[in-house]
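Beneath this line is the structure, given in structure tokens, with notes to follow.
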Amino acid sequence: MNIFTQKIAAALRLPEKSVDNTLVLLSEGCTIPFIARYRKEKTGGLDEVQIAQIADMSEKLQELVKRKETIIKTITEQEKMTPELLRQINDCWESTTLEDLYLPYRPKRHTRAQVARERGLEPLADIIMLQRESRIDQVALRFVKDDVKDIDMALQGAQDIIAERISEDERVRNIVRQSFQRNAIISSKVVKAKQDTDEAAKYRDYFSFSEPLKRCSSHRLLAMRRGEKEGLLKVSIITDDDFCIGKIRRQYVKGFGKCQSLFYEAIEDGYKRLLEPSIETEFAALSKEKADDEAITVFVENLRQLLLSAPLGQKRVMGIDPGFRTGCKVVCLNEQGDLLYHEAIFPHPPVNHRMQATMHVQQLVKDYKIEAIAIGNGTASRETSAFVKDLSFDHPVQTFVVSEDGASVYSASKIAREEFPDEDVTVRGAVSIGRRLMDPLAELVKIDPKSIGVGQYQHDVDQTKLKKSLDQTVESCVNAVGVNLNTASEHLLQYISGLGPTLAKNIVDYRKEHGSFTDRSQLKKVPRLGPVAFQQCAGFLRIPQGDNPLDNSAVHPERYALVEQMAHDNHCKVFDLMKDKSLREGIDIHRYLSDEVGLPTLTDIMNELEKPGRDPRETVEAFEFDPNIHEIDDLEEGMILPGIITNITNFGAFVDIGVHQDGLVHISQLCNRYVKDPNDVVHLHQHVQVKVVEVDRRRNRISLTMKF
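Structure follows, in structure tokens:
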């Protein structure tokens, strides 16, 4: 076991063997979804979250090793490296401690201490720190020459050197860190010149705010930092300065005298001018990183729930992007989501061609055999939904209201232009609304996750870290569901394990040239799709009605022979095993255990044979708002209304109750018990009953509760 394995296993509290095998698989180019699904024997059944944590820690440790190499090289070039310092650096696995070790040797700008050293005052600083000289003024006189004009200047220069030494001392920095960890207070104040502006109004809660840093929630910290970035707030993190200075003094200053007084003054100066601002900056960064991680976790969970929203499935759908003045854009889609027809109708004021719109919709439903209607939840959504539900059709038609967040982003994107080069943005937006009902996952992967209306402060967090987490989440969801190899778009395919944009395009091009795939093995004929890529992707690609029934399941091709052996031993075909429960129940999977195949894989295979290619998502359900509630002015305190969860944060859940402004159910109002994480109580798109607690019409805020 290498040092990485030991460090990661200890930090994550995982078996070293599982961590070591996972690191080997990652180094071989295996993806997280593939490892989690098809290498359970190697990992001991680690899930995707644990594997991702291992990958992240390994990456950080590799970066730390590179940083060590740079530090060792720099100090060695300065000819200041000692065996003890080298040992300390090599033994160090904390980035903060490593930087503390390096700090005294870090190339510096022209500091006051550096100027003093150039003037030859370092020996005087050494004498003061020894605290043995009773007549330090006479000693200092020896250093008065050239640029050092007098004794005071010599002593001040020596104190500047001491101040810098103290600020760079690892023990001293840890004293101050401990104080920040225990006692730091974060506070914010409004910039007086901006106090009465409209821009500052949304930060009113933070005009004069303070609380212990360790208790400051991520959403409050990110809100303050956003206000600071916009120049509306001043944010600071402070600790007990007198306590820190006193503790440092007791550590270094012994007795009384002129040297001791000079030493103490240098400590105080070093603390206030160098050390405290440095540690404040460090804790500002650490607290921001922690808040970022919490916000990203919230966003990731929301995105996962959104991507795994219940699909309607392959139905013929009418998508409607509602509007008043510009009308409602209507599109008709076939079972594969292909655009068949589009037009605009004007059932609402100011045009008010309601009768004409009625006839058009009824005829389109009949002509295109529409089975469901998807209506975007933006402007005129309630009115359009009521209009459609009043219509009568010659066959059953379901009506759904779907989120249109990000539809406008998609409609103007390169992907949309490539899909519909001859249509305008309104048509593309309506198509996206219709497709979201059919398969939310397939449609939402085309849109930047930051544009689809979930999460909290997503534009304020570390964007590189956010993108990495979101990409992993999209990849996880796509592979958890699996995709139809013959109908999946290029954009959806690129998230399949082992593929990416180039291979996804090559698959689509091959499909266009050679027709539908009938066997997974045909993937090997796709240009540049080699053995490793095939191994990683094959199990997540489905071929309904293919030559081999296993091709429409999550059974990996590397285990086809094993399933065929099971069928042979039971005197039947693979198809019969999948169809006949009694045949499966007669299989003793322990007979098929081997060094490569354990119970986890065999159990997964049996589950797949029972429900091949099963979709883990739920079934979509229609939802009805209260027909009497349309605007915020219709609300009254005490009303109990149906709603749908639209967003979840770590301070509560937002609920659409049909008034174009989501209400907030604070975390304390979610249920009659303590709630640590709102996701433990509610989930995205959940249908709930809420009670109106307060309506703030001036600030356009609605407070709700689920405790009644």
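Be aware that the sequence shown starts at 17, since it is given in this note's numbering, and climbs by one per residue. Positions of the beta carbon are idealized from the N, C-alpha and C atoms, including for glycine.
Own chain, CB closer than 6 angstroms to residue i, minus 5 neighbours either side, in chain order
i      : result
Leu114 : Cys108
Arg189 : Asp116
Ile261 : Glu284, Tyr287
Phe50  : Ser513, Gln552
Thr21  : Glu32, Val35, Asp36
Ala174 : Leu137, Leu140, Ala141, Ile144
Ser325 : Pro456, His701
Leu290 : Ser183
Ala132 : Gly173, Asp176, Ile177
Residues near residue i in its chain [Cβ-Cβ closer than 8 angstroms; skip 5 each side]
i      : result
Thr400 : Ile336, Pro338, Cys344, Pro363, His364, Ile391
Ile201 : Ser226, Glu227, Pro228, Leu229, Ile253, Ile254, Thr255
Lys84  : Ile105, Asn106, Cys108, Leu114
Lys218 : none
Asp649 : Arg713
Ile167 : Asp153, Ala156, Leu157, Val160
Ile70  : Ile24, Leu28, Leu30, Val35, Thr38, Leu39, Leu42, Leu62
Residue span of the alpha helix (DSSP H) that contains residue i, given as start and end
i      : result
Pro139 : 138-146
His358 : Counting along the chain, His358 falls outside any alpha helix (DSSP H), though it belongs to the beta strand (DSSP E) covering 355-361.
Met73  : 64-93
Leu39  : 32-43
Pro456 : 456-460
Phe259 : 257-268
Thr21  : 19-28
Pro547 : 547-553
Ala470 : Checking the displayed sequence, the identity of residue 470 turns out to be Val instead of Ala. That residue, Val470, is in no alpha helix (DSSP H); it is neither H nor E in DSSP.
Lys250 : From DSSP, Lys250 is part of no alpha helix (DSSP H) but of the beta strand (DSSP E) over 249-254.
Val579 : 576-585
Ile2   : Residue 2 cannot be examined here, being either before or after the span of the chain that is shown, 17 to 724.
Ala129 : 128-134
Gly394 : From DSSP, Gly394 is part of no alpha helix (DSSP H); its letter is neither H nor E.
Contacting residues, own chain, Cβ-Cβ under 7 angstroms from residue i (five flanking each side not counted)
i      : result
Gly353 : Arg451, Met454
Glu710 : Glu653, Ser719
Asp258 : none
Phe737 : A question about residue 737 goes unanswered here, because the residues of the chain that appear run from 17 up to 724.
Glu100 : none
Ala520 : Glu506, Leu509, Gln510
Ser397 : Pro338, Ile391, Val417
Presumed contact (8 angstroms Cβ cut-off) between residue i and residue j, rounded CB distance
i      : j      : result
Ile264 : Ile283 : 5 angstroms
Ala1   : Ile48  : This structure does not reach residue 1, given that the chain is present from 17 up to 724, and the question cannot be answered.
His646 : Val675 : 7 angstroms
Gly659 : Val704 : 5 angstroms
Arg558 : Asn500 : 5 angstroms
Nearest candidate by alpha-carbon position, reference residue i, set the options
i      : options                        : result
Arg181 : Gln379, Phe279, Pro517, Val314 : Phe279
Tyr621 : Lys56, Ile24, Gln267           : Looking at the sequence provided, one finds Ile at residue 621 rather than Tyr. That would be Lys56, whose Cα lies nearest to the Cα of Ile621.
Leu740 : Asp383, Ser419, Gln378         : With the chain covering only 17 through 724, there is no way to say anything about residue 740.
Met11  : Glu110, Gln78, Tyr121, Glu75   : Past the edges of the chain, shown from 17 to 724, lies residue 11, and the structure says nothing about it.
Glu246 : Val269, Ser277, Phe259, Val207 : Val207
His699 : Val470, Pro543, Leu457, Val81  : Val470
Leu508 : Val347, Phe556, Lys541, Val548 : Phe556
Asn393 : Glu420, Ala373, Gly659         : Glu420
Lys707 : His701, Phe591, Leu657         : Leu657
Lys484 : Val497, Lys466, Leu39          : Lys466
Lys627 : Val681, Ala570, Lys589         : Ala570
Arg193 : Gln175, Glu292, Val269         : Glu292
Ile550 : His572, His530, Glu529         : Residue identity check: residue 550 is Phe in the sequence provided, not Ile. The candidate whose alpha carbon is nearest that of Phe550 is His572.
Thr534 : Ile523, Ala239, Asn502, Gly422 : Asn502
Val347 : Gln321, Val381, Val367         : Val381
Met655 : Lys124, Val316, Asp478, Gly679 : Gly679
Run of the beta strand (DSSP E) containing residue i, from where it starts to where it stops
i      : result
Cys344 : 344-349
Ser325 : Neither: Ser325 is in no beta strand (DSSP E) and is coded neither H nor E.
Lys205 : 201-206
Val709 : 703-712
Ile718 : 717-721
Phe225 : 224-228
Leu657 : 656-665
Gly173 : Not the beta strand (DSSP E): Gly173 falls in the alpha helix (DSSP H), residues 167-184.
Asp337 : 333-337
For the segment 575-582 against the segment 638-657, do three or more pairs of beta-carbon atoms, one drawn from each stretch, fall closer than 8 angstroms, so that the two count as touching? no
Counting pairs of beta carbons, one from the segment 27-46 and one from the segment 471-484, are three or more of them closer than 8 angstroms? The segment 27-46, when compared against the segment 471-484, does not touch it at the 8 angstroms Cβ threshold.
For the segment 482-497 against the segment 535-549, do three or more pairs of beta-carbon atoms, one drawn from each stretch, fall closer than 8 angstroms, so that the two count as touching?
Using a C-beta cut-off of 8 angstroms, the segment 482-497 makes no contact with the segment 535-549, since fewer than three inter-stretch Cβ pairs fall below that distance.
For the 8 angstroms Cβ check, are there 3 or more pairs between the segment 606-617 and the segment 559-571? no
inquiry  = For the pair the segment 230-249 and the segment 161-174, tell me if three or more CB-CB distances fall below 8 angstroms.
reply    = Short answer: they don't touch.
### Message
Does the structure place the segment 512-526 close enough to the segment 61-81 that three or more beta carbon pairs sit under 8 angstroms?
### Response
no
For the structure I just gave you, are there three or more beta carbon pairs, one from the segment 318-334 and one from the segment 425-443, closer than 8 angstroms? no
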